[in-house]
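There are 2 protein chains.
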Amino acid sequence: MTSDPLSTTFAALADPTRRAILARLASGETTVKELSEPFELTQPAITKHLKVLEHAGLISRSRSAQTRPAKLEPAGLQVAWQWVDEYRRFWEESFDRLDEYLKRLQSTPGPDSKPSGSNAPSRDKEKSNGHRRKH
Amino acid sequence: MTSDPLSTTFAALADPTRRAILARLASGETTVKELSEPFELTQPAITKHLKVLEHAGLISRSRSAQTRPAKLEPAGLQVAWQWVDEYRRFWEESFDRLDEYLKRLQSTPGPDSKPSGSNAPSRDKEKSNGHRRKH
DNA sequence: ATTACATTTCACCAATCGGTTATATAACCG
DNA sequence: CGGTTATATAACCGATTGGTGAAATGTAAT
Numbered sequence: 076m077t078s079d080p081l082s083t084t085f086a087a088l089a090d091p092t093r094r095a096i097l098a099r100l101a102s103g104e105t106t107v108k109e110l111s112e113p114f115e116l117t118q119p120a121i122t123k124h125l126k127v128l129e130h131a132g133l134i135s136r137s138r139s140a141q142t143r144p145a146k147l148e149p150a151g152l153q154v155a156w157q158w159v160d161e162y163r164r165f166w167e168e169s170f171d172r173l174d175e176y177l178k179r180l181q182s183t184p185g186p187d188s189k190p191s192g193s194n195a196p197s198r199d200k201e202k203s204n205g206h207r208r209k210h
Numbered sequence: 076m077t078s079d080p081l082s083t084t085f086a087a088l089a090d091p092t093r094r095a096i097l098a099r100l101a102s103g104e105t106t107v108k109e110l111s112e113p114f115e116l117t118q119p120a121i122t123k124h125l126k127v128l129e130h131a132g133l134i135s136r137s138r139s140a141q142t143r144p145a146k147l148e149p150a151g152l153q154v155a156w157q158w159v160d161e162y163r164r165f166w167e168e169s170f171d172r173l174d175e176y177l178k179r180l181q182s183t184p185g186p187d188s189k190p191s192g193s194n195a196p197s198r199d200k201e202k203s204n205g206h207r208r209k210h
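Chains A and F supply the protein sequences, listed in that same order.
If you count by our numbering, then the first sequence holds residues 76 to 210, one letter each, in order.
If you count by our numbering, then the second sequence holds residues 76 to 210, one letter each, in order.
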């Protein structure tokens, strides 16, 4: 319990059945029964999955007669998207830095040059590690 | 076992300790011991977490003397990013549809029209922002 | 060869997870 | 009212998870 929202969201997304439910929901509201058939799961199992998704803010449920249709709540993905996107940016910047580094290498062969042909897979532990940003 | 990559990645991200390790790794390679101190976890616990992250392709480990430093492997986030981004697009399109719907409502006031001007939810989405370099 | 250090592996534990069946609640329909 | 339908809850089960302490495995340094 008392798990942070990001963990709750990622945990909810870590199950293929749950992701399939979201995919199904992307094309419209659906009831529990309509879900339990194609997934070959019992109805209580679907109810549990829906509860996990709802608790993560990824879906919401309405009330219509006996049924309680579930509907996609796309805003619930924002936290996950923000987190992943931050690292995606870091990833792109890594490539940018690598680009720059290679360019600098080419233009000015440094004093510590060890350009011995097949440069190793760069398992270099590099004291002054290149990446510096974030937190 | 035989869990799909997406589930593996999301499950790896669903733990706050693991995300903190990734954040730490974003500023450079780190050893197991350097990690176990700030996290107040025993070394076996860190080793397990690192194994989960490595299996998800989010980090890689090298070998340097006694230590086996871990390094961020940003490409491992691609699958997660792609999945989330797909739903983010759906989310934006939802707003687009809402825009269109509201516009149609305004141009052709239906029988249930309720054109009380000021209640515009004011969602000025900055569309097609930042994401350069598509996957 | 011995010692010291970093890491992994092993055996265990409590808690959570994803599923089941069986039962309860709730809303509609005669 | 009684019956049907949709969903929820309860109790249980096996597998997985996140943690531990203790022992095994490198790898350097002396």
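Just so you know, even glycine gets a beta-carbon here, dropped at the ideal spot from N, CA and C.
{"Check": "Anything in the region 80–97 of chain F with a Cβ closer than 9 angstroms to a Cβ of chain A? List those residues in chain order, please.", "Outcome": "Leu81, Ser82, Thr83, Thr84, Phe85, Ala86, Ala87, Leu88, Ala89, Asp90, Pro91, Arg94, Leu97"}
{"Check": "Taking DSSP as the reference, what is the three-state secondary structure of F:Leu147?", "Outcome": "strand"}
{"Check": "Assess contact between the region 152–167 of chain F and the region 139–154 of chain A, defined as three or more Cβ pairs (one per stretch) separated by less than 8 angstroms. Is contact present?", "Outcome": "yes"}
{"Check": "Is it true that the CB of A:Pro113 sits closer than 8 angstroms to the CB of F:Asp79?", "Outcome": "no"}
{"Check": "Any idea what DSSP makes of F:Thr77, helix, strand or coil?", "Outcome": "coil"}
{"Check": "Between the C-alpha atoms of F:Ser139 and F:Glu104, what's the straight-line distance to the nearest angstrom?", "Outcome": "11 angstroms"}
{"Check": "For a cutoff of 8 angstroms on Cβ pairs, would you count F:Pro119 as touching chain A?", "Outcome": "no"}
{"Check": "Name the chain F residues that come within less than 7 angstroms of A:Ala101, Cβ to Cβ?", "Outcome": "Phe165"}
{"Check": "Please classify A:Thr83: is it buried, with 16 or more other beta-carbons within 10 angstroms of its beta-carbon, or exposed?", "Outcome": "buried"}
{"Check": "Considering only residues of the same chain and omitting the five flanking positions on each side of A:Arg179, which have a CB-CB separation below 7 angstroms?", "Outcome": "none"}
{"Check": "So with Cβ pairs under 8 angstroms, would you call A:Ala155 a contact of chain F?", "Outcome": "yes"}
{"Check": "Given this structure, state the Cα-to-Cα distance separating A:Thr122 from F:Ala98, to the nearest angstrom.", "Outcome": "35 angstroms"}
{"Check": "What does A:Val159 reach in chain F if we use C-beta pairs closer than 7 angstroms?", "Outcome": "Leu152, Ala155, Trp156, Val159"}
{"Check": "Compute the distance between the beta-carbons of A:Ser135 and A:Glu148, then report whether it is under 8 angstroms.", "Outcome": "yes"}
{"Check": "Which term fits A:Arg94, buried or exposed, when burial requires 16 or more other beta carbons within 10 angstroms of its beta carbon?", "Outcome": "buried"}
{"Check": "Do F:Ala89 and F:Val127 have their beta-carbon atoms positioned less than 8 angstroms apart in this structure?", "Outcome": "no"}
{"Check": "Just the C-alpha distance for F:Asp187 and A:Thr106, rounded to the nearest angstrom, thanks.", "Outcome": "Note that F:Asp187 scores a pLDDT of 45, beneath 50, so its modelled location is shaky; the value from the coordinates is reported in the next line. Spanning the two alpha carbons is a distance of roughly 27 angstroms."}
{"Check": "Would you say F:Pro149 faces chain A, with C-beta separation under 8 angstroms as the test?", "Outcome": "yes"}
{"Check": "Would you kindly report the start and end of the unbroken alpha helix (DSSP H) that includes F:Ser111?", "Outcome": "107–114"}
{"Check": "Compare the beta carbon distance of F:Ile96 and F:Leu110 with 8 angstroms and say whether it is the shorter of the two.", "Outcome": "yes"}
{"Check": "With 16 as the cutoff for other CB atoms within 10 Å, does F:Pro144 come out buried or exposed?", "Outcome": "buried"}
{"Check": "Buried or exposed, going by whether 16 or more other CB atoms sit within 10 Å of the CB of A:Phe85?", "Outcome": "buried"}
{"Check": "Out of curiosity, what's the CA-to-CA distance linking A:Thr77 and F:Glu168?", "Outcome": "33 angstroms"}
{"Check": "In whole angstroms, what is the alpha-carbon distance linking F:Val159 and A:Thr142?", "Outcome": "29 angstroms"}
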